[in-house]
Structures are given as C-alpha cells and as structure tokens.
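Heads up: the structure comes next, in structure tokens.
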Amino acid sequence: MKINVIVPTYNEKENIESLVKLLLGLRVDPEVIIVDDNSPDGTGEIAERLAAEAIGRVHVIHRSGKLGLGTAYIAGFKYAISQECDLIVTMDADFSHHPRYIPDMVEKIAAGYDLVIGSRYVPGGGAVECTWPRKFLSWGANAFARSILGLQAHDTTAGFRCYRREVLESIALDQIFSSGYSFLMEILYRVQRNGWRVGEVPIIFQNRRQGVSKISRNEIIKAMYTVLRLAKERWWGKAV
Ligand SMILES: Nc1nc2c(ncn2[C@@H]2O[C@H](COP(=O)(O)OP(=O)(O)O)[C@@H](O)[C@H]2O)c(=O)[nH]1
Ligand SMILES: [Mg+2]
Numbered sequence: 133m134k135i136n137v138i139v140p141t142y143n144e145k146e147n148i149e150s151l152v153k154l155l156l157g158l159r160v161d162p163e164v165i166i167v168d169d170n171s172p173d174g175t176g177e178i179a180e181r182l183a184a185e186a187i188g189r190v191h192v193i194h195r196s197g198k199l200g201l202g203t204a205y206i207a208g209f210k211y212a213i214s215q216e217c218d219l220i221v222t223m224d225a226d227f228s229h230h231p232r233y234i235p236d237m238v239e240k241i242a243a244g245y246d247l248v249i250g251s252r253y254v255p256g257g258g259a260v261e262c263t264w265p266r267k268f269l270s271w272g273a274n275a276f277a278r279s280i281l282g283l284q285a286h287d288t289t290a291g292f293r294c295y296r297r298e299v300l301e302s303i304a305l306d307q308i309f310s311s312g313y314s315f316l317m318e319i320l321y322r323v324q325r326n327g328w329r330v331g332e333v334p335i336i337f338q339n340r341r342q343g344v345s346k347i348s349r350n351e352i353i354k355a356m357y358t359v360l361r362l363a364k365e366r367w368w369g370k371a372v
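Each residue of the sequence shown is one higher than the one before, counting from 133 in the numbering used here.
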C-alpha cells in the first residue's frame with residue numbers, strides 16, 4: 133500500500149528533520165508531504181533540503197503565511213489524492229504523535245477499517261507530560277462532541293489519523309467550514325455520517341518537548357461553535 137504522511141508545520145525547526153528521518157525509516161515505507169506556512173524560523177528551508185536529500189519521498193508545499201491547520205490539511209489532502217496513494221496519514225510535527233504507531237494504524241486499516249485514529253482514550257492509550265488544563269480541555273471537548281454529535285470514536289480531536297484515500301475523496305473538502313482544531317471534529321462527523329468504518333489504536337500522546345503550541349483560546353471557542361453548528365445540521369438538516 134502506498135502511504136502519504138502529511139505533516140503541517142509552523143515553526144518546527146527543532147523537530148522536522150528528526151521526524152522525517154524516522155518516517156523514512158519505517159517499514160511501511162511512506163512518502164512525506166510537509167505543508168509549511170512560511171515559518172519565520174526557517175522550517176520551510178529545512179524541509180526543502182530534506183526533499184532534495186530524498187527525492188520523490190519528501191514533498192513540500194509552501195504557503196504564503198500562517199493560514200491555519202485546517203486549510204493546511206486540505207492542501208496536503210489534495211496533493212496526496214492527486215498522487216493516488218492508498219492511505220493518507222496526518223500527524224503533528226512535534227513528536228506528540230510518534231511515527232512508531234503508524235504500522236499499527238496501517239494494520240488496522242488492513243483489517244477492514246476506513247479511518248483509524250491514533251487514540252489517547254482507548255485501553256492502552258494515554259497522554260504523558262500534559263498539563264492538567266490541557267487534559268481537562270481535551271476530555272471536555274470529547275465528552276461534548278460525543279454526546280452532542282453522536283460520534284463513536286473516543287478521541288475525536290486527535291490529529292493523528294490514517295484515512296483510506298476514498299474516504300477523503302467522499303468528502304467535499306472545500307465545503308468544510310471549520311478551520312484549526314474544529315476541522316478535525318467536522319471531518320470525523322462527516323466520515324461517520326458517510327457510513328465509513330472508524331477504528332482506533334492506542335497511542336501514548338507525548339506533550340511537545342520542543343517549540344511552542346499554536347493552540348489559542350479562539351480555537352477553543354471555534355471548536356464549541358463547530359459542534360453546535362454540526363448538531364443543528366444533525367437534528368434539523370443542513371440549514372447553516
Ligand atoms: N502549515 C501550518 N501548520 C500549522 C499551523 N498551526 C499549527 N500547525 C502545525 O500543526 C501541528 C499541530 O499544532 P500544535 O502547535 O502542535 O498544536 P497542539 O498539539 O494542539 O499544541 C504542528 O505540527 C504545527 O506546527 C498553521 O497555521 N499552518
Ligand atoms: Mg502538537
């Protein structure tokens with residue numbers, strides 16, 4: 133199976149090179165697509181060098197400035213779909229999502245799933261070195277999304293995912309309204325609604341060691357709004 137791993141980056145100069153090296157060393161032999169938003173710290177140039185060192189295995193999409201995580205995923209998805217790969221993986225650049233879990237995710241897809249989430253909230257999964265406010269926020273967001281939207285997955289906000297290409301082809305990506313983190317919930321909602329089989333494999337989520345988080349209070353408000361907007365669509369049809 134041909135696998136493309138999408139890594140959105142914004143100021144990840146401490147992480148990107150070691151991450152790409154680990155990805156290229158995996159036995160599932162993925163190609164890497166880095167989507168960099170003109171990071172002021174020079175991540176984009178490092179990415180270019182990595183692409184030159186591994187021609188055909190590392191690709192870089194440069195965007196003009198920080199345009200948000202949701203549209204970075206979409207740019208990566210479109211590129212990956214045009215490459216006709218079988219599986220599309222998304223992950224953070226900061227080692228919160230360790231490449232060692234990718235083979236488990238691929239195996240689960242092979243067992244009959246269409247989307248597999250690298251999940252903190254199934255037996256064997258967990259989060260280490262995360263602050264309590266962050267744990268609470270994540271727990272609250274999941275409880276909220278699961279109860280209001282009827283999502284069956286336990287880790288609905290996880291960015292560590294493996295999709296079969298057809299799953300993403302079945303979604304009108306340009307019509308996704310959300311940006312940032314709420315984007316992940318919206319995609320999951322649409323995937324479940326389209327009847328695809330969603331599975332989870334346990335991962336230990338490691339809080340980022342290098343660089344800083346780009347999550348903001350604004351993102352949290354947007355995520356809550358997204359859940360309510362999707363709930364309205366779920367119960368009363370597509371009016372918003
Ligand atoms: N291209 C791009 N990448 C982004 C943007 N915002 C965040 N990222 C990347 O998306 C991933 C998730 O962001 P991160 O700061 O780790 O969020 P957190 O894990 O919730 O703290 C990381 O690899 C970031 O570098 C953005 O606006 N554009
Ligand atoms: Mg992160």
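Just so you know, even glycine gets a beta-carbon here, dropped at the ideal spot from N, CA and C.
Quick check on DSSP: helix, strand or coil for residue i?
i, result
"GLY176", "helix"
"TYR88", "Lying before the first or after the last residue shown, residue 88 is absent from the chain, which here runs from 133 to 372."
"THR289", "coil"
"LEU283", "coil"
"GLY256", "coil"
"PHE276", "helix"
"ASN350", "helix"
"LEU118", "Because residue 118 is not part of the residues shown, which for the chain are 133 to 372, the question remains open."
"TYR295", "strand"
"VAL372", "Unreliable positioning characterises VAL372 in this predicted model, as indicated by a pLDDT of 48, which lies under 50. The coordinate reading is nonetheless provided below. Coil, per DSSP."
"SER303", "Checking the sequence shown, residue 303 turns out to be Ile, not Ser. In the structure shown, ILE303 sits in coil (DSSP, three-state: anything other than H, G, I, E or B)."
"PRO162", "coil"
"PHE309", "coil"
"VAL137", "strand"
"GLU318", "helix"
"GLU146", "coil"
Take residue i and list the residues in its own chain whose beta-carbon comes closer than 7 Å to its own, dropping the five residues that flank it on each side.
i, result
"SER196", "ASN170"
"VAL359", "PHE276, ALA277, ILE280, LEU281, MET317"
"ASP173", "ASN143, LYS145"
With a CB to CB cut of under 8 Å and the five nearest residues on each side skipped, what residues in its chain are close to residue i?
i, result
"VAL299", "ASP246, LEU247, VAL323, ASN326, TRP328"
"PRO255", "PRO334"
"LEU199", "ASP169"
"VAL372", "Note on VAL372: pLDDT 48, under 50, position unreliable in the model; the coordinate value appears next. Contacts found: ARG361, LYS364, GLU365."
"THR397", "Only positions 133 to 372 of the chain appear in the structure, and residue 397 is not among them; the question remains open."
"ILE178", "LYS145, ILE148, GLU149"
CB-CB under 6 Å to residue i, same chain, minus the five flanking residues each way: which ones, in chain order?
i, result
"VAL164", "VAL137, VAL152, LEU155, VAL190"
"GLY331", "LYS240, TYR245, VAL248"
Given 8 Å, three or more beta-carbon pairs between the region 146 to 156 and the region 170 to 183: yes
Contact the region 284 to 292 vs the region 221 to 238: 3+ CB pairs below 8 Å: yes
Contact between the region 308 to 316 and the region 226 to 238 (3+ Cβ pairs under 8 Å): no
Stretch pair the region 191 to 211 + the region 264 to 281: three plus CB contacts closer than 8 Å: no
Entirely enclosed alpha helix (DSSP H) segments - the region 183 to 238, minimum 4 residues: 201 to 214
For ligand 1, residues whose Cβ lies under 5 Å from any non-hydrogen atom: PRO140, THR141, TYR142, GLU144, VAL167, ASP169, LYS198, GLY200, LEU201, ALA204, ASP224, ALA225, ASP226, SER345, LYS346, ILE347
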